[in-house]
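Under our numbering, residues 1055 to 1136 are what the sequence shown spells out, in order.
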Amino acid sequence: MLLSELPRDVAATIVSVDTHAVDDPISQRLLELGFVCGEQVRCTAVAPFGADPILVQVGYTRFALRVSEARRVHVQLSEVVR
C-alpha cells in the first residue's frame, strides 16, 4: 500500500521509498527526514479540497507531504495490539 492511500489515523510501518533516479532529490530528502524502513507512520490530516497536501506523522514529528511525494513511500498496515 502507498502512504498516499493510507486512511487517516491508521498506523502503518514504512517498507520502502521509491527512487526514480540515481540522485533523486525527493527520495533522498524523504529518507533524510526519517521515512526509512521499519519506522511507524500515520496520516493525521488531509487538505479540504483535493486532499493535497496530507499531514503525516513519523515518530513524534509531523510533515506536510504532497500526494506525489507520499506515493513514493510504501507502507504495510501495522498489527493492532489489544
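Even for Gly, the Cβ is constructed at its ideal location relative to N, Cα and C.
Where R1083 is concerned, the enclosing alpha helix (DSSP H) starts and stops at 1079-1087. The closest CA to that of F1117, considering only D1072, V1100, M1055, is found on V1100.
Minimum Cα-Cα distance from Y1114 among the listed residues S1122, F1089, V1127 corresponds to F1089.
The alpha carbon of R1083 has as its nearest neighbour, out of P1102, R1126, Q1130, the alpha carbon of R1126.
Comparing alpha carbon positions, the residue from V1071, Q1130, D1077, R1120 closest to P1107 is R1120.
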